[in-house]
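Offset between the sequence shown (1-based) and this note's numbering: plus 1445.
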Amino acid sequence: MPNKKCPTCGKKYSGLESYCTKCGIQLVKDENRCSENKTELCRHRIFDDEDIYCCYCGSLTTYAAEKQNK
Ligand SMILES: [Zn+2]
Ligand SMILES: [Zn+2]
1446 MPNKKCPTCG KKYSGLESYC TKCGIQLVKD ENRCSENKTE LCRHRIFDDE DIYCCYCGSL
1506 TTYAAEKQNK
């Protein structure tokens, strides 16, 4: 399932959309990955929003790391 989001407003899309319905900005791939990239596999893995830890090395996902910083 493709995960994309608007770089301007942060609205998320998971379908075939290419542009944000609010801003008309081209969507970018959601970067919810491993925050440490300790293994080769980490780099290519996209996690769900509910995933907190990387399944390959046990580090926080970028989404969870972002949440902790707030
Ligand atoms: Zn937008
Ligand atoms: Zn990892």
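Heads up, the beta-carbon is just placed ideally off N, CA and C, and yes, glycines get one too. The structure presented is a predicted model; accordingly, all values stated were derived computationally and were not measured.
Let me know if residue i comes out buried or exposed under the rule of 16 or more other beta-carbons within 10 Å of its beta-carbon.
i: CYS1500; result: exposed
i: ASP1475; result: buried
i: LYS1486; result: This sequence places Leu at residue 1486; Lys is not what is there. Burial call: exposed.
i: CYS1461; result: The sequence given here has Leu at residue 1461, not Cys. Answer is exposed; the Cβ neighbour count stays below 16.
i: CYS1468; result: exposed
With DSSP as the reference, please indicate the residues paired to residue i in a beta bridge.
i: CYS1479; result: THR1506
i: LYS1474; result: LYS1449
i: TYR1498; result: LEU1505
i: LYS1512; result: Per DSSP, none; premise fails for LYS1512.
i: LYS1457; result: LYS1450
Tell me which residues share the same chain as residue i and place their Cβ nearer than 8 Å to its Cβ, disregarding the 5 neighbours each side in the sequence.
i: TYR1464; result: ILE1470, GLN1471, LEU1472
With a threshold of 7 Å on Cβ separation, who are the neighbours of residue i within its own chain once the five nearest residues in sequence on each side are excluded?
i: ILE1497; result: LEU1505, THR1506, ALA1509
Contact between the segment 1506 to 1513 and the segment 1476 to 1488 is defined here as three or more beta-carbon pairs at a separation below 8 Å; is this criterion met? yes
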